[in-house]
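Quick note, the sequences are listed as chains Z and X, same order.
Position one of the first sequence corresponds to residue 1 (the working numbering), numbered consecutively onward.
Position one of the second sequence corresponds to residue 416 (the working numbering), numbered consecutively onward.
Every residue, glycine too, gets a C-beta built ideally from N, C-alpha and C.
One structure is given here, and the rest of the page talks about it.
Protein chains: 2
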Amino acid sequence: MITFIQLIRNGENEMKTINGNICAPQGFLATGVYAGIRKNPKKLDLCVIYSQIPAVAAGVSTLNQAKAAPVILTQKHLKQGLLQAIVVNSGNANACTGKLGMQHAKQMAVTAAQELQIATNKVAVASTGVIGVNLPIEKITKGIRAAILKLSLNGDAAAQAILTTDTYEKSIAIEIQLAGKTVRIGGIAKGSGMIHPNMATMLGFITTDVAITQPALQHALSLINQITFNMITVDGDSSTNDMVIVLANGAAKNKKINCIEQADFQIFFDALLFVCTHLAKQIVKDGEGATKLIEVQVHGAITMRDAQLAARAVCRSPLVKTAIFGEDANWGRIASAVGASGATLDPDRLCIDLCGFQLLKYGKPLFFEEDCVLELLKQNSVSIKINLGIGAAHATAWGCDLTYDYVKINASYRS
Amino acid sequence: MITFIQLIRNGENEMKTINGNICAPQGFLATGVYAGIRKNPKKLDLCVIYSQIPAVAAGVSTLNQAKAAPVILTQKHLKQGLLQAIVVNSGNANACTGKLGMQHAKQMAVTAAQELQIATNKVAVASTGVIGVNLPIEKITKGIRAAILKLSLNGDAAAQAILTTDTYEKSIAIEIQLAGKTVRIGGIAKGSGMIHPNMATMLGFITTDVAITQPALQHALSLINQITFNMITVDGDSSTNDMVIVLANGAAKNKKINCIEQADFQIFFDALLFVCTHLAKQIVKDGEGATKLIEVQVHGAITMRDAQLAARAVCRSPLVKTAIFGEDANWGRIASAVGASGATLDPDRLCIDLCGFQLLKYGKPLFFEEDCVLELLKQNSVSIKINLGIGAAHATAWGCDLTYDYVKINASYRS
Chain Z
1 MITFIQLIRN GENEMKTING NICAPQGFLA TGVYAGIRKN PKKLDLCVIY SQIPAVAAGV
61 STLNQAKAAP VILTQKHLKQ GLLQAIVVNS GNANACTGKL GMQHAKQMAV TAAQELQIAT
121 NKVAVASTGV IGVNLPIEKI TKGIRAAILK LSLNGDAAAQ AILTTDTYEK SIAIEIQLAG
181 KTVRIGGIAK GSGMIHPNMA TMLGFITTDV AITQPALQHA LSLINQITFN MITVDGDSST
241 NDMVIVLANG AAKNKKINCI EQADFQIFFD ALLFVCTHLA KQIVKDGEGA TKLIEVQVHG
301 AITMRDAQLA ARAVCRSPLV KTAIFGEDAN WGRIASAVGA SGATLDPDRL CIDLCGFQLL
361 KYGKPLFFEE DCVLELLKQN SVSIKINLGI GAAHATAWGC DLTYDYVKIN ASYRS
Chain X
416 MITFIQLIRN GENEMKTING NICAPQGFLA TGVYAGIRKN PKKLDLCVIY SQIPAVAAGV
476 STLNQAKAAP VILTQKHLKQ GLLQAIVVNS GNANACTGKL GMQHAKQMAV TAAQELQIAT
536 NKVAVASTGV IGVNLPIEKI TKGIRAAILK LSLNGDAAAQ AILTTDTYEK SIAIEIQLAG
596 KTVRIGGIAK GSGMIHPNMA TMLGFITTDV AITQPALQHA LSLINQITFN MITVDGDSST
656 NDMVIVLANG AAKNKKINCI EQADFQIFFD ALLFVCTHLA KQIVKDGEGA TKLIEVQVHG
716 AITMRDAQLA ARAVCRSPLV KTAIFGEDAN WGRIASAVGA SGATLDPDRL CIDLCGFQLL
776 KYGKPLFFEE DCVLELLKQN SVSIKINLGI GAAHATAWGC DLTYDYVKIN ASYRS
């Protein structure tokens, strides 16, 4: 039996990226339109992704107990394992909207299914935006019809239409070879606010033409999610709405992957991991108000869970985040966040590096040239390495700094 | 056997407040001096509190695994149940300072013990300020000697000397009657940054002249801590350093309280609860950069733990905190924070009131006049009431808004 640790050992491999995103794999069409949900008509707000043949589908979604209606509906549709379309609106989350919200989510699926002439349970629905406001359902159904008429290879419009306070599109496409067959994977994502572990507090839609069974695809996504989307945090708030869906339509005609022991599974797993890592990091880089990406690596933990707890706690700490924004080598806040994380810890074994400088060694502060560290803290990516010194497990988490603009964006988001 | 729930039923009782703070009870002296730890000579930075007779002592301290040296030392001294002095410095936390840090903490206790001619283990030590920098121990021992020469009824100077980024002193004194004897309780506290549940992420020093056994005093403090200091949050970071200590010297000569079934225990318990609630709320009101106090009451939870989880999650959510700062009735973020809190929840039973207006009823958004709510959101205290509608347990948490000034203070704290 191949273990999780063995599977993820290749996580750092470089991949061949190609142009495009979700329409790069064979057999996928997409588009984004302005349906009138958002105030600004320059912001696309409705996206449709379509596979010309039914695709094996895997998904992970928020653990928030106040799940939005579209999340509940999509979880239901995912159960039969095949999807052919994904409909997404931005500008309104359709969350905390009671029974009417569920009716609206269904109406979105029904409308798309009718226009595409497919079964309603082959349509996934996702929404993102303000919570607790009823959807403008007429505008949305009209938008869905308009979008479906415009379906094309235009993945960029789809990538735009799912954004909220994001400042740029997140997308990627890569190509791998599986026993002589070319397989592609493309993905788009949105993030920005409410980004925090516990699946996935963001939206991600990934398409691939690989031939794979549903259990193998779900297995790959569930594992990868734990070390990518669940390891990013912008503000520690887990959203009501978020999900990642992978559609695999088999158009690449590779020998179908059906077992995780296969060499092809490992190759595909590495590729999907690369795509998800890329999207996850893009999301935190574009965190609300963020000026810096923070990467926190924890080594020497007793268990992987401990390593993850510590890494996420540091990424989440407002005091660490503001210190990084202020370009202040205040490593004591890092030590404090690790101490409060719940991870097993021996303070006398703890080592902390900031931007490559060792500041704490076996629990003892080291002298360091503030100016040298300061120079590196000015860069737009900051590395924190923590060694707990008591085990062999490790984990990486990504976050961003906490800035005036985060407060500004969120003090006025709804208005 | 009296239960916790029965004990806390009187928590809302008003008490007779009197002038002064920790020197209001008989037999206590205190002072604060400038020892040269902080840069600004106008900021007192060293405090000594002294009981003229040995006092029964109870304490609670941080659960952060990277405990500061003074916390470890004080926990040790508390074990023998009696204290006579507390020495506190601000400006430097003596945390993550290795073996030298522990030597310094001991030196603080030894110096005070020598000057006061008491046993070293009768001295508690506390520090607060920047983490990971060695204490300027010569300045501190000199400061301790100077402070002890100046011991008086000047509790205000003591209250000032424990502050860091706090903008005002937190203190209170009250008076109760126990079978014809007048008993007083006084307290001072500091807070501001790193304020979050899990004991106690702040400093609090409480004096009383009540006669009580150590187990009864510890019992009262441990219970009260759970519903006061552990229910406040400024930024979700649990500190390395924080503690609350109560000294009870028996000078009031009431019949000694030795059992929680006694009527006198309940009266004293109510009084101590009042003092701790007052100090806890003062701390969040003065949270770094805060402009508004947020009180979150959760009712209808299945267990008290669930109620506490939900109340604290709402207080801690950066998205709720920025919305309150922006005076935006964005109740969807409250629902989302409750959903992500881990408390058992039925979204269709959830009700949310903001400033007295019901905005969500049994999971359904209600129409409300934005202008009326907006008017109330402009006040410096905001009330959020959440009913989970599935049980009988309740809890209250207190927090503050997240503002530009929080970012400003923390992006430049160390420099």
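Simplified DSSP state of residue i, which is helix, strand or coil
| i | result |
| --- | --- |
| VAL548 (chain X) | coil |
| LYS170 (chain Z) | strand |
| CYS691 (chain X) | helix |
| PRO469 (chain X) | strand |
| TRP331 (chain Z) | helix |
| SER756 (chain X) | coil |
| MET15 (chain Z) | coil |
| VAL210 (chain Z) | coil |
| LYS482 (chain X) | coil |
| CYS47 (chain Z) | strand |
| PRO365 (chain Z) | strand |
| ALA159 (chain Z) | helix |
| ALA666 (chain X) | coil |
| SER827 (chain X) | coil |
| ILE302 (chain Z) | coil |
| THR233 (chain Z) | strand |
| SER317 (chain Z) | coil |
| GLN177 (chain Z) | strand |
| THR556 (chain X) | helix |
| GLU703 (chain X) | coil |
| ALA423 (chain Z) | Here chain Z comprises residues numbered 1 to 415, so residue 423 (chain Z) is not present and cannot be evaluated. |
| LYS42 (chain Z) | coil |
| LEU817 (chain X) | coil |
| GLY513 (chain X) | helix |
| PHE419 (chain X) | helix |
| ALA395 (chain Z) | strand |
Other residues of its chain near residue i: CB distance less than 8 Å, five sequence neighbours each side excluded
| i | result |
| --- | --- |
| HIS104 (chain Z) | ALA69, ASN94, THR97, ASN134, LEU135, ILE137 and ILE140 |
| ASP286 (chain Z) | ASP166, THR167, TYR168, LYS170, GLY191 and SER192 |
| LEU360 (chain Z) | TRP331, ALA335, LEU350, CYS351, ILE352 and LEU366 |
| LYS66 (chain Z) | A small fix is needed here, since residue 66 (chain Z) is Ala in this sequence, not Lys. Result list for ALA66 (chain Z): ALA95, CYS96 and THR240, in chain order. |
Within chain B, the residues that residue i reaches when beta carbons sit closer than 7 Å
| i | result |
| --- | --- |
| THR489 (chain X) | Absent from the structure is chain B; the protein chains it does hold are Z and X. |
Cβ neighbours of residue i in the same chain (closer than 7 Å, five flanking residues each side left out)
| i | result |
| --- | --- |
| PRO197 (chain Z) | Caution is warranted here: a pLDDT of 36 is assigned to PRO197 (chain Z), below 50, making its placement in the model unreliable, and the coordinate value is therefore given only provisionally. These residues qualify, in order along the chain: ASN230, MET231, THR233 and ARG312. |
| ALA808 (chain X) | ALA716, ILE717, THR718, MET719, ASP721 and ALA722 |
| LEU401 (chain X) | No statement about residue 401 (chain X) is possible, as the shown extent of chain X runs from 416 to 830 and does not include it. |
| VAL320 (chain Z) | VAL314, ARG333, ILE334 and ALA337 |
| GLY442 (chain X) | SER466, GLN467, ILE468, ASP624, ASN664 and ALA666 |
| ASP460 (chain X) | TYR449, ALA450, ILE452, ARG453, ASN504, SER505, GLY506 and ALA576 |
| LEU724 (chain X) | SER756, GLY757 and ALA758 |
8 Å contact criterion, which residue i and residue j should meet: CB distance rounded
| i | j | result |
| --- | --- | --- |
| ILE257 (chain Z) | THR228 (chain Z) | The pair is not a contact, with the Cβ atoms about 20 Å apart (cut-off 8 Å). |
| VAL540 (chain X) | THR622 (chain X) | Between THR622 (chain X) and VAL540 (chain X) the Cβ distance is about 17 Å, and since that is not below 8 Å, they are no contact. |
| ILE144 (chain Z) | VAL48 (chain Z) | 7 Å |
| ASN504 (chain X) | ALA450 (chain X) | 7 Å |
Same chain, Cβ closer than 6 Å to residue i, five either side skipped, listed in chain order
| i | result |
| --- | --- |
| GLY547 (chain X) | CYS511 |
| ILE487 (chain X) | none |
| SER732 (chain X) | ALA752 |
| PHE274 (chain Z) | MET15 |
| CYS23 (chain Z) | ALA30, LEU153 and GLY155 |
Open item on the list: Under 8 Å: do the region 249-259 of chain Z and the region 147-155 of chain Z share three or more Cβ pairs, one atom per stretch?
Closed with: no
TODO: Anything in the region 276-299 of chain Z with a Cβ closer than 7 Å to a Cβ of chain X? List those residues in chain order, please.
DONE: For chain X, none of the residues of the region 276-299 of chain Z brings a beta carbon within less than 7 Å of one of its beta carbons.
TODO: Output, in sequence order along the chain, the residues in the region 297-320 of chain Z whose CB is closer than 7 Å to any CB in chain X.
DONE: Result list: SER317, PRO318 and LEU319.
Open item on the list: Residues of the region 152-172 of chain Z in Cβ contact with chain X at a cutoff of 7 Å, in chain order, please.
Closed with: none
Open item on the list: Quick test of the definition: if touching needs 3 or more C-beta pairs under 8 Å, does the region 162-172 of chain Z touch the region 49-61 of chain Z?
Closed with: no
- [ ] Could you please tell me which residues of the region 779-803 of chain X, in chain order, have their CB closer than 9 Å to any CB of chain Z?
- [x] LYS779 and PRO780
Task: Three or more C-beta pairs below 8 Å linking the region 692-709 of chain X and the region 599-606 of chain X - done: yes
- [ ] Count the C-beta pairs between the region 393-409 of chain Z and the region 283-299 of chain Z that are closer than 8 Å, then say yes if the count reaches three, no if not.
- [x] Taking 8 Å as the limit for Cβ pairs, the verdict is that the region 283-299 of chain Z does touch the region 393-409 of chain Z.
- [ ] Using a Cβ-Cβ cut-off of less than 9 Å, give me the residues of the region 458-484 of chain X that come near chain Z, in sequence order.
- [x] THR477, LEU478, ASN479, GLN480, ALA481 and LYS482
Open item on the list: Along the region 120-137 of chain Z, where does the CB come closer than 9 Å to a CB of chain X? Name the residues.
Closed with: VAL130, ILE131, GLY132, VAL133 and ASN134
Task: Inter-stretch contact at 8 Å, needing at least 3 Cβ pairs: the region 105-124 of chain Z / the region 77-88 of chain Z - done: Yes, the region 105-124 of chain Z is in contact with the region 77-88 of chain Z.
TODO: Could you please tell me which residues of the region 71-100 of chain Z, in chain order, have their CB closer than 9 Å to any CB of chain X?
DONE: ALA93, ALA95, CYS96, THR97, GLY98, LYS99 and LEU100
Open item on the list: Three or more C-beta pairs under 8 Å: does that hold for the region 262-272 of chain Z against the region 376-384 of chain Z?
Closed with: no
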